Amino acid sequence: MKNKFGVDIALNVVIIVLEIIACIIFMESVGSIDLTYYTIDSNLFLFISCILYLAFRKNTPRIVQLFKYSSTLSVLITFLVVIFVLMPMYDFNYHFLLLDGPAIYVHVLCPILACISFILFERNDLENTFKNNLRAIYFTIAYGIILIILNVEKIVVGPYPFLKVYEQPLFMTVFWLVLIFGVAFILARLLLMIKDLDRILN
10 MKNKFGVDIA LNVVIIVLEI IACIIFMESV GSIDLTYYTI DSNLFLFISC ILYLAFRKNT
70 PRIVQLFKYS STLSVLITFL VVIFVLMPMY DFNYHFLLLD GPAIYVHVLC PILACISFIL
130 FERNDLENTF KNNLRAIYFT IAYGIILIIL NVEKIVVGPY PFLKVYEQPL FMTVFWLVLI
190 FGVAFILARL LLMIKDLDRI LN
């Protein structure tokens with residue numbers, strides 16, 4: 010019922026606008042969009058998912074619902090990794106990670122707005138099953154595998170400290186991957202659990 014009042018439309022439009030602003034800032038500051046960063050990839054995924062959601066909102070196909078679920082999870086992971094992993098690694102430089110340049114959009118505003126929109130206002134009929142939870146983290150798994158391969162082949166370095174395979178023991182790389190994929194799966198389950206709870210209460 011809530012999405013009939015258009016709040017979901019407004020939130021998705023705002024997210025799209027903020028993502029465009031972030032891209033412009035990236036282009037003006039560094040001259041390109043570096044797709045080796047999970048932050049950028051997850052926000053681009055969210056950007057595309059928001060457009061698809063708006064295009065098919067009245068009769069949302071299952072694949073679009075899955076995209077919205079997965080992209081919301083992906084930017085939530087971005088937000089939590091910044092807060093709990095990168096902040097300590099960067100001496101709690103909150104200004105650089107949360108406020109500087111495009112960070113306030115891609116690390117803070119878009120993830121928060123995406124979660125609010127998905128949980129409270131968007132129609133999503135996906136069941137909270139193991140299969141759907143696993144599908145939601147395909148994006149994160151693909152990113153992790155691709156970046157590990159690129160690091161092993163020395164095509165890229167990092168870009169995150171825990172992806173630098175030649176600067177840490179092998180078990181640490183495995184530890185980080187297992188930890189991130191495991192937490193991603195738990196978050197995927199929690200995201201739909203909270204959405205189901207909101208649906209029941211309303």
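Here the sequence shown stands for residues 10 to 211, where the numbers follow our numbering. Backbone N, C-alpha and C define an ideal beta-carbon position, used for all residues, glycine too. Predicted model only: the values in this text are computed from it and were never measured.
Check: Looking only at its own chain, which residues have a Cβ that is under 7 Å from the Cβ of residue 96, when we skip the five neighbours before and after it?
Finding: For the purposes of this step, residue 96 is taken as the residue at position 87 of the sequence shown. Excluding sequence neighbours, residue 96 sits near 103, 106.
Next item on the list: Go through the region 22 to 66 residue by residue and report every complete run of the alpha helix (DSSP H) that reaches 4 residues or more, in order.
Entry: 47 to 64
Notebook entry, point to check: What's the C-alpha gap between residue 189 and residue 198?
Noted result: Locating residue 189 in the sequence shown gives position 180, counting from the first residue. Locating residue 198 in the sequence shown gives position 189, counting from the first residue. When rounded, the distance between both Cα atoms is 14 Å.
Item checked: Reference residue 80; option with closest CA among 69, 62, 67, 42 -> Within the sequence shown, residue 80 is the residue found at index 71, counting from 1. Comparing Cα positions, the closest option is 62.
Checklist line | Three-state secondary structure assigned by DSSP to residue 176 | finding: As a working mapping, residue 176 is identified with position 167 in the sequence shown. Correct three-state label for residue 176: helix.
Item checked: Cα-Cα separation, residue 168 to residue 19 -> Along the sequence shown, read from residue 1 onward, the residue named residue 168 stands at position 159. Along the sequence shown, read from residue 1 onward, the residue named residue 19 stands at position 10. In a straight line, the C-alpha of residue 168 is about 34 Å away from that of residue 19.
Next item on the list: Can you tell me which of 114, 127, 87 puts its alpha carbon nearest to the alpha carbon of residue 205?
Entry: For the purposes of this step, residue 205 is identified with residue 196 of the sequence shown, where counting begins at 1. Nearest option by C-alpha distance: 127.
Check: What residue range is occupied by the uninterrupted alpha helix (DSSP H) comprising residue 160?
Finding: To locate residue 160, count along the sequence shown from 1; it is residue 151. Note, residue 160: alpha helix (DSSP H), 147 to 161.
Next item on the list: Verify whether the separation of the beta carbon atoms of residue 146 and residue 93 is less than 8 Å.
Entry: Mapped onto the sequence shown, residue 146 falls at position 137. Mapped onto the sequence shown, residue 93 falls at position 84. No, Cβ-Cβ distance for residue 146 and residue 93 is not below 8 Å.
Note to self: Excluding the 5 residues flanking residue 74 on each side, which residues of the same chain have their C-beta closer than 7 Å to its C-beta?
What the structure shows: One-based indexing of the sequence shown puts residue 74 at position 65. Answer for residue 74: 133, 134, 135, listed in chain order.
Notebook entry, point to check: In whole angstroms, what is the alpha-carbon distance linking residue 109 and residue 32?
Noted result: Position 100 of the sequence shown holds residue 109. Position 23 of the sequence shown holds residue 32. Approximately 14 Å, taken between the alpha carbons.
Next item on the list: Identify the continuous alpha helix (DSSP H) that holds residue 170 and give its terminal residues.
Entry: The count along the sequence shown starts at 1 and reaches residue 170 at position 161. Careful: residue 170 lies outside any alpha helix (DSSP H) and carries neither H nor E.
Notebook entry, point to check: Do residue 172 and residue 157 come within 8 Å of each other at the CB atom, strictly closer than that value?
Noted result: Residue mapping note: residue 157 aligns to position 148 of the sequence shown, counting from 1. Residue mapping note: residue 172 aligns to position 163 of the sequence shown, counting from 1. Yes, the pair counts as a contact, with Cβ atoms nearer than the cut-off.
Margin query: Using only CA atoms, which one of 57, 202, 201 lies nearest to residue 28?
Written below: Here residue 28 corresponds to residue number 19 of the sequence shown, with the count starting at 1. Here the closest residue by C-alpha is 57.
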